[in-house]
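Under the working numbering, the residue at position 7 of the sequence shown is numbered 55, and the numbers go up by one with no gaps. One structure below.
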Amino acid sequence: MQSFNFDLYSPYPIELRQQVGIATVCRTITPERSGRVHFEATDWPARLYDPTLHQSLEPDALVHVIGRQGLTLLVTPKSRVAVPSSAQSLDYLSS
């Protein structure tokens, strides 16, 4: 995982995964509030990777797990076509 530290509210850096994973939403995730996902046989806290995305992710929705920050997984909707790679993440996060 490659590390970036863009979230000023967290002491933990953002670590992007080498390969995108798939998880199932267990508790609703909104831009304002983190939720929970089931990923690799465990439930994890999760939040949207892009907080400017104005979309709620409801239970049973499939999401891409693209990284983590501390113990919180960073997710995007599975329906979203573009998932940022490590090389693109600097531009993606700073825009």
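Glycine residues also receive a C-beta, built at the ideal position from the N, C-alpha and C atoms.
For Ala-71, the enclosing beta strand (DSSP E) has its first and last residue at 62 to 75.
Contact annotation, Ile-114 with Arg-65: C-beta distance approximately 6 Å; criterion of less than 8 Å satisfied.
Pro-107 sits in coil when the DSSP states are folded into three classes, being neither helix nor strand.
With contacts defined by Cβ atoms closer than 8 Å, Ala-94 and Thr-120 form a contacting pair. Beta bridge pairing from DSSP links Arg-95 with Leu-122.
Here the C-alpha atom of Arg-116 lies approximately 6 Å from the C-alpha atom of Ile-62. Take Pro-125, set aside five residues on each side of it, and the residues of its chain with a beta-carbon closer than 8 Å to its own are Leu-101, Gln-103, Leu-105, Ala-109, Val-111, His-112, in chain order.
Of the other Cβ atoms in all chains shown, 16 or more fall within 10 Å of the Cβ of Ile-77; this residue is therefore buried.
Under a 10 Å Cβ-count criterion, Tyr-97 is classified as buried, with 16 or more other Cβ atoms of the shown protein chains found around its own Cβ.
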